[in-house]
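Working notes for the structure below.
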Amino acid sequence: MRRKVANPLALAVLAHLVMGPMHPYELGKQLKETGKDRNIKYNRGSLYMVVEQLRKAGFIVEHETVKDTQRPERTVYALTDAGRDEMYDWMRQLVSDPQHEYPQFGVALSLIAVLSPTEAVELLRDRVGALAKEISETRSLIGKAGDDGVEWVFLVEEEYRISLLDAELRFVTGLISSFEGTDYRRSWEQHFGREP
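Under the numbering used here, the residues of the sequence shown are numbered 21 to 216, in order.
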């Protein structure tokens with residue numbers, strides 16, 4: 021299904037507006053405070069651009085304009101019925117329907133044969149170290165959030181991240197063994213010549 025506004029940041033905006041009308045700055049602050057910025061890349065400009073796209077699509081409306089002495093005038097946005105319907109439809113699709121994604125590591129793997137076995141092993145070992153570090157940091161983040169009383173459902177995307185990282189770590193470790201095998205080295209040299 022083709023969506024009027026397909027940016028994942030738009031879905032996050034709609035989901036946060038379910039809780040009530042907000043100013044884009046407040047939305048951005050909540051995304052950061054809840055760690056959603058680890059899964060949804062954005063900056064201030066892209067956030068305001070998505071808010072405007074959602075407004076034009078009829079998914080949100082200007083709720084009120086707030087003026088206080090400390091800050092410039094701020095527009096607060098609210099979810100429309102169409103926006104609520106769009107958000108729930110989009111969420112149901114994302115949760116139930118697996119989509120093929122194109123991660124950059126998949127691209128690298130599809131072309132990795134051009135690297136010498138020695139270099140491939142060195143680079144994959146670097147990746148193992150980076151993956152182990154990210155797994156450790158994510159587990160620490162989950163532990164701290166749990167200690168702070170954050171409900172598990174608000175950390176589920178981090179648990180998913182750990183599952184993917186663990187699977188990738190196992191895969192890369194096995195791949196290193198394959199690259200270190202003498203049969204592969206011999207085959208690589210037949211196709212590409214001797215290693216530098």
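Idealized CB from N, CA, C, for every residue including glycine.
Query: Under the assumption that VAL33 contacts VAL70 (Cβ atoms under 8 Å), give the Cβ distance between them as a whole number of angstroms.; Result: 6 Å
Query: Have a look at TYR180, GLY103, GLU215 and flag the residue whose alpha-carbon is nearest the alpha-carbon of VAL38.; Result: GLY103
Query: So the beta strand (DSSP E) TYR97 belongs to, where does it begin and stop?; Result: 94-99
Query: Cβ of LEU144 within 8 Å of Cβ of LEU185?; Result: no
Query: Compute the Euclidean distance between the alpha carbons of ALA140 and PHE125, then round it to the nearest angstrom.; Result: 13 Å
Query: Taking the continuous alpha helix (DSSP H) assigned at HIS83, which residues delimit it?; Result: Here HIS83 belongs to no alpha helix (DSSP H); instead the beta strand (DSSP E) covers 80-86.
Query: Quick check: the segment 199-212 against the segment 130-140, are there 3 or more CB pairs under 8 Å?; Result: yes
Query: Is it the case that the segment 145-161 contacts the segment 172-187, given that we only count it when at least three CB pairs across the two stretches are under 8 Å?; Result: yes
Query: Ordered along the chain, which non-local residues of its own chain (more than five positions away) have a Cβ less than 6 Å from that of PHE199?; Result: PRO137, ALA140, VAL141
Query: Closest to LYS56 by C-alpha separation, out of ALA133, ASP109, SER130, GLU178, would be which residue?; Result: GLU178
Query: For LEU47, report the span of its alpha helix (DSSP H) as first-last.; Result: 44-53
Query: Compare the Cα-Cα distances from GLN113 to each of ARG214, ARG22, PHE212 and report the closest residue.; Result: ARG22
Query: Starting from PRO28, trace the alpha helix (DSSP H) in both directions and tell me its first and last residue.; Result: 28-37
Query: From this set, GLU72, PRO118, ASP203, which residue's C-alpha is nearest LEU29's C-alpha?; Result: GLU72
Query: With 16 as the cutoff for other CB atoms within 10 Å, does LEU131 come out buried or exposed?; Result: exposed
Query: Relative to the ligand COA, is the shortest distance from any of its heavy atoms to the C-beta of LEU47 smaller than 7 Å?; Result: Ligands displayed in this structure: none; no statement on the ligand COA is therefore possible.
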